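Under the numbering used here, think of the first position of the sequence shown as 4, with each following residue one higher. For each residue, glycine too, the CB sits at the ideal point set by N, CA and C. Note that this is a predicted model, so its numbers are computed, not measured. Note sheet for the following structure.
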Amino acid sequence: MGRFAQVFRAAVDADLLRGDRGWTSVGSVGPFVAGASTASGRTVTFDNALRNSAVWRAVVLKSSLLGMFPCRVYQELPNGSRRLASEHPNTRLLHWRPNPWQTPYQFRAMVEGHRITRGNAYVAIIRDRGGTVRSLVPLHPDRVRVVTDDQGMPRYDVAMRTGERPVRLGWMECLHLTGPSLEGFIGLSPIEHAAEAIGIAQAGEEYAARVYSSGGAQRGALVHKGPALSDAAKARLKEAWQAAYGPNSEAHRVAVLEEDLDWKTLGVTPEQAQSLESRQHQVIDIGRYWGIPPWLLFEHSKDTSWGSGIEQTNQAFLLYCMQPDLINWEQRMLLDLFDESEIEAGYYPEFTVEVLLRGDMAARGAFYRVMREIGAYSVDDILAKENLPLVGGAGGSERCRPANWVPIGTPAGAGGNNE
Numbered sequence: 004m005g006r007f008a009q010v011f012r013a014a015v016d017a018d019l020l021r022g023d024r025g026w027t028s029v030g031s032v033g034p035f036v037a038g039a040s041t042a043s044g045r046t047v048t049f050d051n052a053l054r055n056s057a058v059w060r061a062v063v064l065k066s067s068l069l070g071m072f073p074c075r076v077y078q079e080l081p082n083g084s085r086r087l088a089s090e091h092p093n094t095r096l097l098h099w100r101p102n103p104w105q106t107p108y109q110f111r112a113m114v115e116g117h118r119i120t121r122g123n124a125y126v127a128i129i130r131d132r133g134g135t136v137r138s139l140v141p142l143h144p145d146r147v148r149v150v151t152d153d154q155g156m157p158r159y160d161v162a163m164r165t166g167e168r169p170v171r172l173g174w175m176e177c178l179h180l181t182g183p184s185l186e187g188f189i190g191l192s193p194i195e196h197a198a199e200a201i202g203i204a205q206a207g208e209e210y211a212a213r214v215y216s217s218g219g220a221q222r223g224a225l226v227h228k229g230p231a232l233s234d235a236a237k238a239r240l241k242e243a244w245q246a247a248y249g250p251n252s253e254a255h256r257v258a259v260l261e262e263d264l265d266w267k268t269l270g271v272t273p274e275q276a277q278s279l280e281s282r283q284h285q286v287i288d289i290g291r292y293w294g295i296p297p298w299l300l301f302e303h304s305k306d307t308s309w310g311s312g313i314e315q316t317n318q319a320f321l322l323y324c325m326q327p328d329l330i331n332w333e334q335r336m337l338l339d340l341f342d343e344s345e346i347e348a349g350y351y352p353e354f355t356v357e358v359l360l361r362g363d364m365a366a367r368g369a370f371y372r373v374m375r376e377i378g379a380y381s382v383d384d385i386l387a388k389e390n391l392p393l394v395g396g397a398g399g400s401e402r403c404r405p406a407n408w409v410p411i412g413t414p415a416g417a418g419g420n421n422e
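Here it is in structure tokens:
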């Protein structure tokens, strides 16, 4: 038994490993692993769904963005302000090193990838004897089964190795991130619910591939207008035609129809089937399941209504597509990685998303000037946001405002320069 399993077994009450008596299985994503049959005739699985370019782009985009956003621990102060709590142990986990082998980006992108494909992501929480979180270990969703006791509290059975008895983790030993859920324990899988749309896209790609493999030739039949051919003659004619003009022959050869032979086209052309339009529509349809606008899936056949500039479109995407996921992560981490005393002391995790909202140099300069003039930013505040060396001292941290500004209700000529 490996060290990883030993850590878990030492942390779990041995009585819970003796059977499932008194426990109710909520389920897992296991039944879908084998795939779902669709009306298009394609069987959609988690693996082959990712071979579709729209699915791949949607999953990579959302998971990589969440991995890219820095996550730090802050503390809310009694006066309503806040400070960066760099000394908090969870800062190291969330911002520097979640476990011995992954960077924060790799960790979050992997976990979010699990959540937005399977609908569930599981992370084992490894604590020391004092209760401090020391490591966060991602668990593959296919190896986790959620069970509940008679009081409705969740537990997590983790299959460490095939054939071994699963390790049961308590609800405080597993950080469980879900997608939309109908019963509060298991999230709904976007790929499972998008199976029909993905199946249509797969069928469209296969149809296009077959058109190319046939050199663009349509499916058809040779019609013999003379006396009926024997089976042997039909076989020889078919073999000769395939050898001369079939998919494995040289493309664009001229067919020669002998006496009493005619060609009859069967089916429709790609244009008649609207193959291109259908494939473009499937990109948009698949994007809906992940809340991704077409232009972020590189589908530019239609104009976007998400804004007129990159800053506006980024802001809309952040608000409607990413912000719910970030809040989901922040609230789940707060409940599972911070104890009650830390929460009461005002500690909480938060993602920094300004990197997605940065405008061009002129727009940022105008914004900083306004914030500097109203006293909201100091020189060092602006330099820090631009990742530039700080001035330091009183000159860098000093905040100013116009000399002629006075509180509302102040008599004219008092407290300011009104000339």
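- Assigned with DSSP and collapsed to three states, residue 146 falls in helix.
- Scanning the region 337-368 for uninterrupted beta strand (DSSP E) segments of 3 residues or longer gives 350-354, listed from N- to C-terminal end.
- In the three-state scheme derived from DSSP, where H, G and I count as helix and E and B as strand, residue 331 is classed as helix.
- A straight line joining the alpha-carbon of residue 167 with that of residue 103 spans about 25 angstroms.
- Excluding five sequence positions before and after residue 68, the CB atoms of its chain that fall closer than 7 angstroms to its own CB belong to 325, given in chain order.
- It is roughly 33 angstroms from the alpha-carbon of residue 400 to the alpha-carbon of residue 336.
- Cβ-Cβ separation between residue 292 and residue 198: approximately 10 angstroms, too far for a contact (criterion under 8 angstroms).
- 376 is the residue among 393, 91, 385, 376 whose C-alpha sits nearest the C-alpha of residue 408.
- Minimum Cα-Cα distance from residue 156 among the listed residues 172, 117, 342 corresponds to 172.
- By the neighbour-count definition (other C-beta atoms within 10 Å, threshold 16), residue 99 is an exposed residue.
- Three or more Cβ pairs drawn from the region 69-80 and the region 105-119 lie within less than 8 angstroms of each other, which places the two stretches in contact.
- In this structure the region 378-396 does not touch the region 109-119; the number of beta carbon pairs closer than 8 angstroms is below three.
- For the pair residue 40 and residue 47, the Cα-to-Cα distance works out to about 7 angstroms.
- A straight-line Cα-Cα distance of about 8 angstroms links residue 201 and residue 55.
- A residue is called buried when at least 16 other Cβ atoms come within 10 angstroms of its Cβ; residue 355 does not meet this threshold and is exposed.
- In the three-state DSSP reduction, residue 389 falls in the coil class, being neither helix nor strand.
- Runs of the alpha helix (DSSP H) spanning 4 or more residues and lying entirely within the region 58-134 occur at 107-121, in chain order.
- The beta-carbon separation of residue 178 and residue 128, rounded to 6 angstroms, stays under the 8 angstroms limit for a contact.
- Taking every protein chain shown into account, the CB of residue 332 has 16 or more other CB atoms within 10 angstroms, so this residue is buried.
- For residue 157, the enclosing beta strand (DSSP E) has its first and last residue at 157-161.
- Note on residue 352: 16 or more other CB atoms within 10 angstroms of its CB, so buried under the neighbour-count rule.
- Taking C-beta separations shorter than 6 angstroms and ignoring five residues to either side along the sequence, the partners of residue 184 in its chain run 190, following chain order.
- Comparing alpha-carbon positions, the option among 81, 58, 90, 175 lying closest to residue 119 turns out to be 58.
- Comparing C-alpha distances from residue 395 to each of 405, 406, 381 shows the shortest one belongs to 381.
- A Cβ-Cβ contact shorter than 8 angstroms links residue 341 with residue 93.
- Taking all protein chains in view, the Cβ of residue 402 is surrounded by fewer than 16 other Cβ atoms within 10 Å, so the residue is classified as exposed.
- Ranked by Cα distance from residue 101, the options 397, 141, 300, 338 are led by 141.
- Excluding its 5 nearest sequence neighbours in each direction, residue 138 has C-beta neighbours in its own chain below 6 angstroms: 102, 129, listed in chain order.
- In the DSSP assignment, residue 179 forms a beta bridge with 125.
- With a threshold of 16 other beta carbon atoms within 10 Å, residue 320 meets it and is buried.
- Assignment of beta-bridge partners to residue 48 by DSSP yields no partner.
- With contacts defined as CB atoms closer than 8 angstroms, residue 297 and residue 287 qualify as a contacting pair.
- In the three-state scheme derived from DSSP, where H, G and I count as helix and E and B as strand, residue 238 is classed as helix.
- In summary, residue 365 is exposed, with fewer than 16 beta-carbon neighbours lying within 10 Å of its beta-carbon over all protein chains present.
- Residue state for residue 141 is assigned as strand, using DSSP reduced to three classes.
- For the pair residue 125 and residue 77, the CB atoms are not nearer than the 8 angstroms cut-off.
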